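Beneath this line is the structure, given in structure tokens, with notes to follow.
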Amino acid sequence: MINDIDQIIKEMQDFASDRSEEFKLKFLSKKGKIQELFDEFRNVRPEEKKELGQRLNALKNMAQARFAELQAKEQQFFTASKIEDMTRDVATDSIGSIHPLTLVRREICDIFSRIGFTVAEGPEIEDDWHLFSALNFPPEHPARDMQDTFFVEKDVALRTHTSSVQIRCLEKESVPVRKIFPGRVFRNEAISARAHCMFHQVEGLYVDKNVSFKDLKQVLLYFAEEMFGPDTKIRLRPSYFPFTEPSAEMDVTCSICGGKGCNICKNSGWVEILGCGMVDPNVLKNCNIDPSIYSGYAFGMGIERISMLKYNTNDIRLYFDNDVRFLSQFKNA
Ligand code: DAH
């Protein structure tokens, strides 16, 4: 053991690095060389203990002195180079969070993918045919008006809804189709707490033989329960859209008050979340699909609206301001 002690003394003298931590690791840590000798010391014969013990302690003191010396040198260096505190944590930028609209879009896509829907996308700049005409909008419909739609040039506009992707899909794919189309839409609206000139929608489309309204209702009930919880109820109110017949709007029981009535649901207990209906035979014809053989349903919902309900937010502008105080609340969502 005496040889070992001498060997370590030599290694300490030859130790080339200036870094105190490296020195500590090699000689003074729990797995370091000196501790190894202390471990062996337990097995040393009693008559040798005294001398070896003293030598070991001296060795340890030597190592500690050398360590302190290295530390002092480092400190001097940091002071001289005006580095204040090398042990301070690095100033890491906090990690961002996923935008709530992305979270909700992903959740919607997940829910529908579990029942056989695949996801597709279409262009944000659309022609009149895909945006209006093929969807059975009459020529004088107000959506074709500059007041509601941002036109890029004559008959070309920023899409006002994702229903245009229905047409692109039906023109291109053979039926049956079962798809959802998430995307950004634009409307010429004054920005307020309830409306924005840009928002997001998810459109759904299923066309096959023998598709009926009850299939639509069942799928929408499934969606509502998955999105807002198993106790959620739905109700369908008759409505009108040019591209569906019959058409409906769907309400869900208010997830904020559980249907009892609050200011989010205007005390009715219900909130509207989407439009839907059976694809109008004219739309199928416009895409060269025979409506006497095929039928289908479609639905469209606003992602902001679903998110506002889900996260109880009352101002749509929050989704576009990118204020980190708002966004960081979705870190663990
Ligand atoms: N496109 C409609 C809108 O933007 C939403 C919609 C309603 C889509 C009914 C549909 C539907 O597919 O069947 O307000």
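Sequence positions in the sequence shown follow our numbering and run 171 to 503. Just so it is clear, CB atoms sit at the ideal spot from N, CA and C, and this is done for glycine as well. A quick note: this is a predicted structure, and the numbers were derived from the prediction, not measured.
| Asked | Found |
| --- | --- |
| Starting from the C-beta of Glu341, find all residues in its chain whose C-beta is less than 6 angstroms away, skip the five residues before and the five after it, and write them out in chain order. | Cys457 |
| Is Phe383 close to ligand 1? I mean its beta-carbon at under 7 angstroms from any heavy atom of the ligand. | no |
| Could you tell me whether the Cβ atoms of Val274 and Ile443 are closer together than 8 angstroms? | no |
| CB-CB under 6 angstroms to Leu488, same chain, minus the five flanking residues each way: which ones, in chain order? | Phe496 |
| According to DSSP, is Phe413 helix, strand or coil? | coil |
| Is the beta carbon of Thr414 sitting closer than 8 angstroms to the one on Val389? | no |
| Between the stretch 233-241 and the stretch 327-340, can you find at least three pairs of beta-carbon atoms closer than 8 angstroms? | no |
| Is it buried or exposed for Gln371, if we count other Cβ within 10 angstroms and need 16 for buried? | buried |
| Excluding the 5 residues preceding and the 5 following Trp440 in the sequence, name in chain order all residues of the same chain whose CB lies nearer than 8 angstroms to its CB. | Arg405, Asp421, Val422, Thr423, Cys424, Gly429 |
| Report yes if the CB atom of Arg353 is closer than 8 angstroms to the CB atom of Glu277, and no otherwise. | Rather than Arg, the amino acid found at residue 353 in this sequence is Gly. Against a cut-off of 8 angstroms, the Cβ pair of Glu277 and Gly353 comes out as no contact. |
| Suppose contacts are defined by Cβ-Cβ distances below 8 angstroms. Is Val335 in contact with Phe351 by that definition? | yes |
| Just the C-alpha distance for Asp491 and Asn484, rounded to the nearest angstrom, thanks. | 14 angstroms |
| Identify whether His300 lies in helix, strand or coil by the three-state DSSP scheme. | helix |
| Can at least three beta-carbon pairs, one atom from the stretch 314-331 and one from the stretch 295-306, be found at a separation below 8 angstroms? | yes |
| Name the DSSP bridge partner or partners of Glu343? | Partner(s): none; Glu343 has no beta bridge. |
| Between Ile179 and Leu229, which are expected to be in contact by the criterion C-beta below 8 angstroms, what is the C-beta distance as a whole number of angstroms? | 7 angstroms |
| Indicate whether Pro412 and His311 have their beta-carbon atoms separated by less than 8 angstroms. | yes |
| Kindly provide the ranges of any alpha helix (DSSP H) runs that are 4 or more residues long and lie completely inside the stretch 265-341, ordered along the chain. | 270-283, 298-301 |
| Is any non-hydrogen atom of ligand 1 found closer than 7 angstroms to the C-beta of Gly447, if you look at the structure I gave you? | yes |
| Pick helix, strand or coil for Met182, following the three-state DSSP scheme. | helix |
| In this structure, does DSSP put Thr423 in helix, strand or coil? | strand |
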